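In my numbering, the protein residues as written are 557 to 923.
Structure (structure tokens):
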């Protein structure tokens, strides 16, 4: 498929972002570039649906199928495949097209399992696969389980300590790196091996989605949210809040602003993130993280229990289990006994030498 024309971009902005987005294309440039990369790959490296017989014949057809998915979020993957039958494409191509469609509509990779090694998991993150008989709404809802209410006190405590969680502090004090991701499921995901935190950086998309659901309640259900073309407002608010009010409070902290500027330049973060427009819509009075709370607690744990500063410290920590610690203690005790005994022998030798010297001084040799 050819890259979108300006008219296509205007239609795409209105369909996937919010009313009036077609008049602010520059504001949503990062999302539109992502759309083009996914739907119109320019190289094998970026290919998602590089086909001889493309499922989507035009950008209008992408928009049409997206509207169809939103209109009936209860449809299964199999039912979606049937709806794509008219294209005459092979099943693998239709599956790839569905993956692309979900990515550009909801910034969610419903086949991320293909991008990870078999059996891969990281903390609470498990790569996703949309199974044939699973309804789309169930798939999405399963991606974002609400936190256990028993953890609310800890999450509230973490939010109260958000000044400790500024991104530049995590970088400077604990050498934590920040990586951009286009999959909202990976937001705030910490990888201890790489010492990195992934950030869903598409703030332009988040703000547009919040505007799209402006007249809806914040606690709108998954199904009703999908029907209007958005993720739940609570999820969107938490994601935006974690960026502009926790990690990068650029409105009140100059160091956060400078650090975010570097990430925009070097890590490909959405330049829109440099514009703090608040929450776009007001959160509830008792605003609490219902989706990202556990990952926020993980970041706080880094502050409270810093990871090893380097590989040597990490090696010592890995090899200091309770059993190893007991062994080290016994060896230490044994060595201390040996050194104490050697010290005793040295003391005895010094005493004997002193006595001999005293005797010589008392009875000097006759000349």
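In this text, a Cβ means the ideal position worked out from N, Cα and C, and glycines have one as well. The model shown is predicted, which means the values in this text are computed figures rather than measured ones.
With a cutoff of 8 Å on beta-carbon distance, residue 845 and residue 711 are scored as near each other. The distance from the Cβ of residue 569 to that of residue 584 is about 6 Å, consistent with a contact at the 8 Å cut-off.
Nearest in C-alpha terms to residue 819, of all of 804, 671 and 808, is 804.
A contact is defined here as three or more CB-CB pairs under 8 Å, and the stretch 577-596 fails this definition with respect to the stretch 625-633. Around residue 610, the same chain offers 557 as residues with beta carbons nearer than 6 Å, after the five sequence neighbours per side are excluded. Secondary-structure assignment with DSSP links residue 736 through a beta bridge to 755. Looking at the DSSP output, residue 681 sits in a beta bridge with 678.
Comparing C-alpha distances from residue 769 to each of 574, 671 and 704 shows the shortest one belongs to 574. 830 is the residue among 694, 636, 746 and 830 whose C-alpha sits nearest the C-alpha of residue 758. Annotated three-state conformation of residue 747 is strand, per DSSP. In the three-state scheme derived from DSSP, where H, G and I count as helix and E and B as strand, residue 631 is classed as coil.
When the beta-carbon positions are compared, residue 703 and residue 834 stay at least 8 Å from each other. Classified as buried, residue 786 has 16 or more neighbouring CB atoms from the shown chains inside 10 Å of its CB. The DSSP-derived three-state label of residue 691 is strand.
DSSP places residue 830 outside any alpha helix (DSSP H), giving it a letter other than H or E. Within the same chain, and ignoring the five residues on either side of residue 852 in sequence, the residues whose Cβ sits closer than 8 Å to its Cβ are 711, 714, 715, 721, 744, 798, 802 and 845. In the structure shown, residue 886 adopts helical secondary structure according to DSSP, grouped into three states.
Around the beta-carbon of residue 808, fewer than 16 other beta-carbon atoms lie within 10 Å, marking it exposed. By alpha-carbon distance to residue 664, the top candidate from 696, 559 and 903 is 696.
Rounded to whole angstroms, residue 794 and residue 741 show a C-alpha spacing of 13 Å. Around residue 686, the same chain offers 633, 666, 667 and 695 as residues with beta carbons nearer than 7 Å, after the five sequence neighbours per side are excluded. Residue environment for residue 791: buried (at least 16 other C-beta atoms within 10 angstroms of its C-beta).
Cβ-Cβ separation between residue 858 and residue 678: approximately 15 Å, too far for a contact (criterion under 8 Å). Shown here, residue 719 sits in a helix according to DSSP, grouped into three states. Out of 911, 590 and 779, the CA that lies nearest to the CA of residue 756 is found in 590. By the criterion of a C-beta distance shorter than 8 Å, residue 672 is surrounded in its chain by 683, once the five residues flanking it on both sides are discounted. One Cα belongs to residue 777, the other to residue 783, and the distance between them is close to 10 Å. Rounded to the nearest angstrom, the gap between the Cα atoms of residue 577 and residue 700 is 27 Å. Under the three-state reduction of DSSP, residue 708 is assigned to helix.
Taking the Cα of residue 567 as reference, the smallest distance to any Cα among 623, 763 and 594 is reached at 623.
Taking 8 Å as the cut-off, the beta carbon of residue 840 is found no closer than this to the beta carbon of residue 796. Per DSSP, residue 812 is one residue of the alpha helix (DSSP H) stretching across 810-822. Collapsing the DSSP output to three states places residue 899 in a helix. Nearest C-alpha to residue 616 among 635, 657, 648 and 645: 657.
Residue 892 counts as exposed, since fewer than 16 other C-beta atoms from the protein chains shown sit within 10 angstroms of its C-beta.
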